[in-house]
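Notes to accompany the following structure.
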Amino acid sequence: MKEPFIKLPPTVKREVLVAEKACTLVKMFVKAGTNPPLHTHPHEQIDYMISGAADVSIEGVVTHVKQGASIHIPGGAEHGFLPSAEDQEFLEFFTPGREDI
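Spelled out as structure tokens, the structure:
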């Protein structure tokens, strides 16, 4: 696995499940209270919450994502998970594939 361009805090673990040119699938583990930075990338992104819940900011609009729910993040949109009182485990699907993770 390549190191990401944005260094993840130690409270975040990433497991790359699929890394292809067309798409990337990643499992994320985020501890409660983590405050990752808002960021952008050109990839379309879909996140599916396996466990826990969090608020996600997309272009300043905050959406609550709970277990069993998914959210679409358009390519180029500034986004990020906001600090949560719960640990989260979720899948992230990117298209085209990410070259930085």
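Throughout the sequence shown, residue numbering follows this note's numbering, covering 279 to 379 in sequence. Note that beta-carbon positions come from the ideal geometry of N, C-alpha and C, so glycine has one too.
For LEU369: DSSP bridge partner residues: LYS305 and TYR326
Under 7 Å: does the beta carbon of ASP365 sit that close to some heavy atom of the ligand MG? Within the structure as shown, the ligand MG is missing, as the structure has no ligands at all.
For ARG376, which residues of its own chain have a beta-carbon under 7 Å away from its beta-carbon, when the five flanking residues on both sides are left out? THR302 and HIS321
Residue burial classification, VAL308 (beta-carbon count within 10 angstroms, cutoff 16): buried
For the beta strand (DSSP E) containing ARG292, name the first residue and the last one. Judged by DSSP secondary structure, ARG292 falls within the beta strand (DSSP E) whose first and last residues are 290-297.
Go to SER348, then tell me how far its beta strand (DSSP E) extends in each direction, as first and last residue. 348-351
For THR341, the residue or residues it bridges with in DSSP: VAL334
Relative to the C-alpha of GLY380, which residue among LEU360, GLY346, ILE336 and GLN366 is closest? Lying outside 279 to 379, the shown extent of the chain, residue 380 is not represented and no answer is given.
Where DSSP assigns a beta bridge to GLY358, which residues make up the other side? SER335
Going by the DSSP bridge assignment, what does HIS317 pair with across the sheet? In the DSSP assignment, HIS317 is bridged to HIS357.
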